[in-house]
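This report refers to the structure that appears directly beneath it.
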Amino acid sequence: MDTPLAIRARGITKSFGNVVALDGVDLDVADGQIHGLVGPNGAGKTTLLGLLLGLAVADRGSLEILRTPVGRALSVPDGVAGFVDGPGLYPSLTAKQNLLALAALRGLDTGKTGIDEALHQVGLTDVADDRVRGFSLGMRQRLGLAAALLTKPRLLVLDEPSNGLDPAGKKHVHGVLDRLAGDGTSVVLSSHRMDDVEALCSEVTILATGRVVFSGPLAKLAAENRELDYRLVTSDPPAARRSALDTAGINVVDGGSAQADTGVLVVRALVPALDELVARLVREEIALRELAPLVSPLEAAFLALTEQQESNR
Amino acid sequence: MTATTAELDAPVTPAARRVSVARGYRFELVKLLSQWRVRLLVLACWIAPAIFVAGVSQQSSLPVDTLFGRWMHATGWAGPLVVLGFSGTWALPVLTSIVAGDVFASEDRLGTWRHLLVAVRSPRRIFAAKALASLTVLLVMVVGLTCSSSVAGIVVVGNRPLVGIDGHVLSPGDAAAKVLLAWICVLAPTLALAAIGLLGSVVLGRSPMGLLLPAVVALAMQLAQLLPMPVALRLALPSYAFIAWNGLFASPAQLGPLLIGVVVSLVWAVAATALAYVLFVRRDFTNLSSDGSGRRAVTAGLLPLLGLVGLTVAVLAPATGATGSGIEQDKVQRSVVTAFAHLYRQQTAELNRPAVTEAQLQTTASCNRGGGLVEAHGPGNDWRCTVSWHLPGAAVTATAIYQLDVTPNGRYVADGDGPKEVNGYFLVRTAAGDAPNPLWQFDGAIDLL
Chain A
540 MDTPLAIRAR
550 GITKSFGNVV
560 ALDGVDLDVA
570 DGQIHGLVGP
580 NGAGKTTLLG
590 LLLGLAVADR
600 GSLEILRTPV
610 GRALSVPDGV
620 AGFVDGPGLY
630 PSLTAKQNLL
640 ALAALRGLDT
650 GKTGIDEALH
660 QVGLTDVADD
670 RVRGFSLGMR
680 QRLGLAAALL
690 TKPRLLVLDE
700 PSNGLDPAGK
710 KHVHGVLDRL
720 AGDGTSVVLS
730 SHRMDDVEAL
740 CSEVTILATG
750 RVVFSGPLAK
760 LAAENRELDY
770 RLVTSDPPAA
780 RRSALDTAGI
790 NVVDGGSAQA
800 DTGVLVVRAL
810 VPALDELVAR
820 LVREEIALRE
830 LAPLVSPLEA
840 AFLALTEQQE
850 SNR
Chain B
575 MTATTAELDA
585 PVTPAARRVS
595 VARGYRFELV
605 KLLSQWRVRL
615 LVLACWIAPA
625 IFVAGVSQQS
635 SLPVDTLFGR
645 WMHATGWAGP
655 LVVLGFSGTW
665 ALPVLTSIVA
675 GDVFASEDRL
685 GTWRHLLVAV
695 RSPRRIFAAK
705 ALASLTVLLV
715 MVVGLTCSSS
725 VAGIVVVGNR
735 PLVGIDGHVL
745 SPGDAAAKVL
755 LAWICVLAPT
765 LALAAIGLLG
775 SVVLGRSPMG
785 LLLPAVVALA
795 MQLAQLLPMP
805 VALRLALPSY
815 AFIAWNGLFA
825 SPAQLGPLLI
835 GVVVSLVWAV
845 AATALAYVLF
855 VRRDFTNLSS
865 DGSGRRAVTA
875 GLLPLLGLVG
885 LTVAVLAPAT
895 GATGSGIEQD
905 KVQRSVVTAF
915 AHLYRQQTAE
925 LNRPAVTEAQ
935 LQTTASCNRG
945 GGLVEAHGPG
955 NDWRCTVSWH
965 LPGAAVTATA
975 IYQLDVTPNG
985 RYVADGDGPK
995 EVNGYFLVRT
1005 AAGDAPNPLW
1015 QFDGAIDLL
């Protein structure tokens, strides 16, 4: 059975004057999926997030959100929450007052308990009665997330939610998003932090110059015919180097004497060739102590795809 | 692309409900009243006038340059009118700037438009909520100014009769009713300035000019009112209603300019609000790099309001026939005669002399400008009036001289120039002790229509 979709976009095009922000974008996000949206500045991420929040309407194409067609601005269905370009908070109000005012505005029957629960979820209980004026960027981001949680969203749209977060704050936010996804809420988030996207998202869409250059599972991205640099630490570096040179599809990257001295071997390969090398090392009884890509598959794909798109313009 | 397709029989979410204006209104009120400067201003409006009126009423020198200032020792009802005069000139423009002039611009500064739109889902309702909330806060401030100054005047000086702008005496009840009416009348130009504030806030976005616009417009209009321009143009500016309430304190009341001033102000309020509304609902909130300011400020904000001035002048000039300054020799003479006769009776009463009536006095005045060398019309400080009157049982006609400083809006101060028994001394000796001589110097207002 096909998975129900929280977002189904087909051929979305949006222009501002002569500037084409989105050009025929397709996007599918399943219920309960955390979907990453990455791309260089000006790729159209914020415009796409704005469309999902109902802030604008596409010039062409069709958009269904939570199985409801969206045909005009501000007509997205209930159950959609989030923020773009910052969380939109009022600095003269405390954290709790911001949430109370927002809950009253939306007519939410959250009560004080609901507000306290939302603040607890994002780790802001201790500063609930502090004015937002004194909050750091990370605290504002978390409070923005708490504001979105108040509405018990079925689709959460977040623009750079990890922006300004310290490791503890990031852990909190990731935990909240994972729990939401586990409960069936779909999350679409944009980020420039590839490690965040990899840690959180099961699928990713890469945008460049308003077009989708990749969309799908992260695993598929790694498996696509794209060579990556891998770092290998073995029990016998010279033997491992010889094995690498003898394995088809493996290119040893000359890292200089310093790299050789530390016993680290860097190879460039596709995943199947790398699998073959690992099997060979095992057969030759060379212990493999560490194997990791030098840059993440997502980052490598991001750079390759976006640079390719730029050069095609 | 993800290889999934939508499950069409999955539950469909109903379209979102928009937030009601009432809820948006409460949200906007919370935001406005959470700002320390707004709280401070509300507090100041409820406290400062009382302190001012109580303080000034107890000191020996009075603000005689301000209308009704010279009567602050005599009655508690002069205080709120002095505060009203000050408010029309300074306080209300500043209050409208800070409240209405910032109500939209603050969202631009804070970057909260998208958040608000996602929550409310209707720019129209956001506009209505913001306009109503800022209006409410302004009303609370105006009510504070009125109550605070009135209570302080009554408590410190007393609920006593008030001398009107033409010298006639209003009973405490009449004075109270007219003071209240005067404050209600200035709500109209306050609304006009508030609407200009909304317009500036929408059009100029985060630019500081949006915040300053009502104050700048009010100042420009006040400066214009100081110029010797045609009455029709004077009445076409909403700021005239900040002055026209003076006419309530004449007998008979000068209602024509007041009504025109109020109507013009309300037309401005509606026009500026409508402009702000149209511009706001047409704004593209997806492009936050532009807050809408710039050339649109001139084309969509300034030009329509200048057009409104022109249209109002075109209507008022033929309708009222008021194309000149409105200050003519016969009007000046009539006004001086009326005020002098009223105040003479008051002086007579204070000095315990036999009572006289205006009819018995048969007061006349002969006024000219520059000793007859200048045409006797228009504003100026070179008006000179010789006032003549008869005393019952006396064969001779008494005369007194006054120098008049007539301002372009029709107000004047008549300064006694003798004889010393009538208007030569600042104080007169009454049975209760020394009291200000009502004929030494007095205020008046010429009906410009």
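Top to bottom, those sequences are chains A and B.
As numbered in our numbering, residues 540 to 852 make up the first sequence, in order.
As numbered in our numbering, residues 575 to 1023 make up the second sequence, in order.
Glycine included, every Cβ here is placed at the ideal spot set by N, Cα and C.
Straight-line gap, Ala707 (chain B) to Thr922 (chain B) (C-alpha atoms, nearest Å): Locating residue 707 (chain B) in the second sequence gives position 133, where the first residue counts as 1. Locating residue 922 (chain B) in the second sequence gives position 348, where the first residue counts as 1. Going from the Cα of Ala707 (chain B) to the Cα of Thr922 (chain B) covers about 53 Å.
Using only the alpha-carbon positions, how far apart do Gly1018 (chain B) and Ala705 (chain B) sit? By one-based count along the second sequence, residue 1018 (chain B) stands at place 444. By one-based count along the second sequence, residue 705 (chain B) stands at place 131. Take the alpha-carbon of Gly1018 (chain B) and the one of Ala705 (chain B): they are about 38 Å apart.
Can you confirm whether Ala797 (chain A), when its beta carbon is compared against all beta carbons of chain B, has any partner nearer than 8 Å? As a first step, residue 797 (chain A) is located in the first sequence; it is residue number 258 there, counting from the start. In this predicted model, Ala797 (chain A) has a pLDDT of only 47, less than 50, meaning its place in the structure is not dependable enough to derive any value.
Chain-ordered neighbours of Thr710 (chain B) on chain A, where CB pairs are closer than 9 Å: Within the second sequence, residue 710 (chain B) is the residue found at index 136, counting from 1. Chain-order list of chain A residues neighbouring Thr710 (chain B): empty, with the shortest C-beta distance near 16 Å, by a criterion of under 9 Å.
In DSSP terms, what Pro756 (chain A) is bridged to: Working through the first sequence from its first residue, we reach residue 756 (chain A) at position 217. BP columns for Pro756 (chain A) point to A:Glu742.
For Leu842 (chain A), is the classification buried or exposed, using 16 other Cβ atoms within 10 angstroms of its Cβ as the cut-off for buried? By one-based count along the first sequence, residue 842 (chain A) stands at place 303. Leu842 (chain A) should be labelled exposed.
Val717 (chain B) in three-state terms, based on DSSP: Translated into the one-based positions of the second sequence, residue 717 (chain B) becomes position 143. In this structure, Val717 (chain B) counts as helix in the three-state DSSP scheme.
Is Ala629 (chain A) near Val661 (chain A), with beta carbons less than 8 Å apart? Here residue 629 (chain A) corresponds to residue number 90 of the first sequence, with the count starting at 1. Here residue 661 (chain A) corresponds to residue number 122 of the first sequence, with the count starting at 1. According to the sequence shown, residue 629 (chain A) is Tyr rather than Ala. Tyr629 (chain A) places its beta carbon 8 Å or farther from that of Val661 (chain A).
Looking at C-alpha atoms only, which residue of A:Ile789, A:Val834, A:Gly673 is the closest neighbour of Glu737 (chain A)? Counting from 1 along the first sequence, the entry for residue 737 (chain A) is found at position 198. If we check each option's Cα against that of Glu737 (chain A), A:Val834 comes out closest.
So is Arg699 (chain B) in contact with chain A if we call contact Cβ pairs under 8 Å? Residue mapping note: residue 699 (chain B) aligns to position 125 of the second sequence, counting from 1. Not an interface residue.
Taking 8 Å as the CB-CB cut-off, is Leu739 (chain A) touching chain B? Locating residue 739 (chain A) in the first sequence gives position 200, counting from the first residue. In terms of beta-carbon proximity, Leu739 (chain A) stays away from the interface with chain B, with every pair separated by 8 Å or more.
Kindly say whether Ala853 (chain A), judged by its beta-carbon, lies nearer than 8 Å to any beta-carbon of chain B. What is shown of chain A runs 540 to 852, which leaves residue 853 (chain A) out entirely.
DSSP three-state label for Asn820 (chain B), please. As a first step, residue 820 (chain B) must be located in the second sequence, where it is residue number 246. DSSP places Asn820 (chain B) in the helix class (H, G or I) of the three-state scheme.
What did DSSP end up calling Ser813 (chain B) once you bin it into helix, strand or coil? Reading the second sequence from its first residue, position 239 is the one you call residue 813 (chain B). Three-state result, Ser813 (chain B): helix.
Please confirm whether Pro630 (chain A) has its beta-carbon closer than 8 Å to some beta-carbon of chain B. Your numbering for residue 630 (chain A) matches position 91 in the first sequence. So, interface residue.
If contact means a Cβ-Cβ distance below 8 Å, which residues of the stretch 615-626 of chain A contact chain B? Correct list: Val615, Pro616, Asp617, Gly618, Val619, Ala620, Gly621, Phe622, Val623, Asp624, Gly625, Pro626.
Using the beta-carbon of each residue, which ones in chain A are nearer than 7 Å to Ala674 (chain B)? Locating residue 674 (chain B) in the second sequence gives position 100, counting from the first residue. By Cβ distance, chain A contributes nothing, its closest Cβ being about 18 Å from Ala674 (chain B), past 7 Å.
For Ile789 (chain A), which residues from the same chain have a beta carbon less than 6 Å from its beta carbon, with the 5 sequence-adjacent residues on both sides left out? Taking the first residue of the first sequence as 1, we reach residue 789 (chain A) at position 250. By the criterion of a C-beta distance shorter than 6 Å, Ile789 (chain A) is surrounded in its chain by Ala783, Val806, Ala808, Ala812, Leu816, once the five residues flanking it on both sides are discounted.
Per-residue burial, Thr1004 (chain B) [other beta carbons within 10 Å of its own, 16 or more giving buried]: Counting from 1 along the second sequence, the entry for residue 1004 (chain B) is found at position 430. Looking at its Cβ environment, which holds fewer than 16 other Cβ atoms inside 10 Å, Thr1004 (chain B) is exposed.
Using a Cβ-Cβ distance cut-off of 8 Å, determine whether Ser696 (chain B) contacts chain A. Reading the second sequence from its first residue, position 122 is the one you call residue 696 (chain B). Chain A places a beta carbon closer than 8 Å to that of Ser696 (chain B), counting this residue as a contact.
Would you kindly work out how many angstroms separate the C-alpha atoms of Ala548 (chain A) and Leu697 (chain A), rounded to a whole number? By one-based count along the first sequence, residue 548 (chain A) stands at place 9. By one-based count along the first sequence, residue 697 (chain A) stands at place 158. Our two residues, Ala548 (chain A) and Leu697 (chain A), have alpha carbons roughly 18 Å apart in a direct line.
Let me know if Ser774 (chain A) comes out buried or exposed under the rule of 16 or more other beta-carbons within 10 Å of its beta-carbon. The residue labelled residue 774 (chain A) in the question sits at position 235 within the first sequence. So Ser774 (chain A) counts as exposed.
Environment of Ser724 (chain B) [buried if 16+ CB atoms lie within 10 Å]: Indexing the second sequence from 1 puts residue 724 (chain B) at position 150. Its Cβ being crowded by 16 or more others within 10 Å, Ser724 (chain B) is buried.
For my contact list, Gln847 (chain A) and Ala720 (chain A) are in at a C-beta cut-off of 8 Å; report their separation, rounded to the angstrom. In the first sequence, the residue the question calls residue 847 (chain A) occupies position 308. In the first sequence, the residue the question calls residue 720 (chain A) occupies position 181. Contact flag wrong, Cβ pair sits at about 31 Å.
Once the 5 residues before and after Asn955 (chain B) are set aside, which same chain residues still bring their CB inside 6 Å of it? For the purposes of this step, residue 955 (chain B) is identified with residue 381 of the second sequence, where counting begins at 1. Around Asn955 (chain B): Asp979.
So within the stretch 639-719 of chain B, which uninterrupted alpha helix (DSSP H) runs reach at least 4 residues, ignoring any that extend past its ends? Segments of the alpha helix (DSSP H) lying fully in the stretch 639-719 of chain B: 652-660, 666-673, 679-684, 687-694.
Look at Phe1016 (chain B) and Ala929 (chain B) and say whether their C-beta atoms are less than 8 Å apart. Within the second sequence, numbered from 1, the residue matching residue 1016 (chain B) stands at position 442. Within the second sequence, numbered from 1, the residue matching residue 929 (chain B) stands at position 355. Contact flag unset, no.
Which chain A residues sit within Cβ distance under 7 Å of His604 (chain B)? Start at 1 with the first residue of the second sequence, and residue 604 (chain B) comes out as number 30. As written in the sequence, residue 604 (chain B) is Val, which differs from the His given in the question. By Cβ distance, chain A contributes Ala640.
Starting from the beta carbon of Leu594 (chain A), find every residue of chain B whose beta carbon is closer than 8 Å, and list them in chain order. Residue numbering aside, residue 594 (chain A) sits at position 55 when the first sequence is read from its first letter. Correct list: Arg688, Leu691, Val692, Phe859, Thr860.
Report the option in B:Gly944, B:Thr686, B:Ile834, B:Ala702 whose CA atom is closest to the CA atom of Asp624 (chain A). Here the question's residue 624 (chain A) lines up with position 85 in the first sequence. Nearest to Asp624 (chain A) by alpha-carbon distance, out of B:Gly944, B:Thr686, B:Ile834, B:Ala702, is B:Thr686.
With contact counted as at least three CB pairs below 8 Å, one residue from each stretch, are the stretch 666-682 of chain B and the stretch 600-613 of chain B in contact? Flag = yes, the stretch 666-682 of chain B and the stretch 600-613 of chain B touch.
is_contact[Phe601 (chain B), chain A] using C-beta, thresh 8 Å: Your numbering for residue 601 (chain B) matches position 27 in the second sequence. With a threshold of 8 Å between beta carbons, Phe601 (chain B) makes contact with chain A.
Please check if any C-beta of chain A sits within less than 8 Å of the C-beta of Val593 (chain B). To locate residue 593 (chain B), count along the second sequence from 1; it is residue 19. So yes, Val593 (chain B) belongs to the interface.
Tell me which same chain residues have a C-beta within less than 8 Å of the C-beta of Arg592 (chain B), skipping the five on either side of it? In the second sequence, residue 592 (chain B) corresponds to position 18, counting from 1. Taken in chain order, the residues that qualify are Val694, Arg695, Ser696, Arg699.
May I have the straight-line CA-CA distance separating Ala642 (chain A) from Pro802 (chain B), to the nearest angstrom? As a first step, residue 642 (chain A) must be located in the first sequence, where it is residue number 103. As a first step, residue 802 (chain B) must be located in the second sequence, where it is residue number 228. Annotation: Ala642 (chain A) to Pro802 (chain B) spans about 56 Å, alpha carbon to alpha carbon.
Assuming Glu829 (chain A) contacts Val772 (chain A) under a Cβ cut-off of 8 Å, what Cβ separation, rounded to an integer in Å, is found between them? The residue labelled residue 829 (chain A) in the question sits at position 290 within the first sequence. The residue labelled residue 772 (chain A) in the question sits at position 233 within the first sequence. So it is a contact: roughly 4 Å between Cβ atoms.
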